[in-house]
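Taking mature numbering (1 follows the signal peptide of the UniProt record, and there is no 0), I'd label the letters of the sequence shown as residues -22 to -1, 1 to 120. What follows is a set of notes on a single structure, which appears directly below.
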Amino acid sequence: MAVLVMLSAALLLGLFLPSSMANNVLLGDEKLFADEFLTEAGYKFIMRKSDCNLALIDPNDQQLWATNTNDNGQNCFARMQTDGNLVIFNDEKNGVWQSKTHGPEGKYILVLQRDGHVVIYGSPVWIIPEPTNRKISMATKN
């Protein structure tokens, strides 16, 4: 149930907040270009220009994770696709890495969370009972 509430909250955030207002989300069909990054609580999720790596950096500037896509081009970009798959494309627009999270077309959102986790949320497939007159607590960005 808690997962469902978190998923609903993330989707609501993605549906009602333009990504220009939130610097820790990437909505379906949005791109993260070379040297651009998402940031939250000191963490960075950055698309590196020089080596085509998508990397997660902690508040102490230590790399926690990377796609290891070195030498696959320059000026790469990451795209959160509308099928839920995060894909890195090189300067020739060839896919060089993917999260392998593709599913049915829908509304997906990639979120860099305050705890440093990067999570892709998607549209619920089925839910019972239908949420009506329920209060959903949402985290807000200060």
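Glycine included, each C-beta is placed from N, C-alpha and C at the ideal position.
Determine the direct distance from the alpha carbon of residue j to that of residue i, and round the result to whole angstroms.
| i | j | result |
| --- | --- | --- |
| Leu16 | Pro107 | 35 Å |
| Tyr99 | Arg57 | 15 Å |
| Lys22 | Asn31 | 13 Å |
| Lys78 | Thr47 | 15 Å |
| Leu5 | Gly62 | 10 Å |
| Lys9 | Asp69 | 14 Å |
| Val3 | Gly20 | 14 Å |
| Ser101 | Gln52 | 33 Å |
| Lys85 | Thr45 | 24 Å |
| Glu18 | Phe67 | 24 Å |
With a threshold of 16 other CB atoms inside 10 Å of the CB of residue i, please say whether the residue is buried or exposed.
| i | result |
| --- | --- |
| Leu42 | exposed |
| Glu83 | exposed |
| Asn50 | buried |
| Arg92 | exposed |
| Asn72 | exposed |
| Lys119 | Low local confidence applies: a pLDDT of 47 at Lys119 is under 50, so the model's placement there is unreliable, with the coordinate-based value given in what follows. Counting Cβ neighbours within 10 Å, Lys119 comes out exposed, since fewer than 16 surround it. |
| Val89 | buried |
Quick one: what does DSSP say residue i is sitting in, helix, strand or coil?
| i | result |
| --- | --- |
| Ile106 | coil |
| Tyr21 | strand |
| Tyr86 | coil |
| Glu8 | strand |
| Gln41 | strand |
| Ala(-1) | coil |
Going by CA-CA distance only, name the one from the options that's closest to residue i.
| i | options | result |
| --- | --- | --- |
| Asp7 | Thr60, Lys27, Val96 | Thr60 |
| Ala12 | Asn1, Asp29, Pro37, Ala(-1) | Asp29 |
| His95 | Ile35, Glu14, Ala(-1) | Ile35 |
Tell me the DSSP bridge mates of residue i?
| i | result |
| --- | --- |
| Gly73 | Phe67 |
| Ala56 | Leu10, Ile66 |
| Leu16 | Phe23 |
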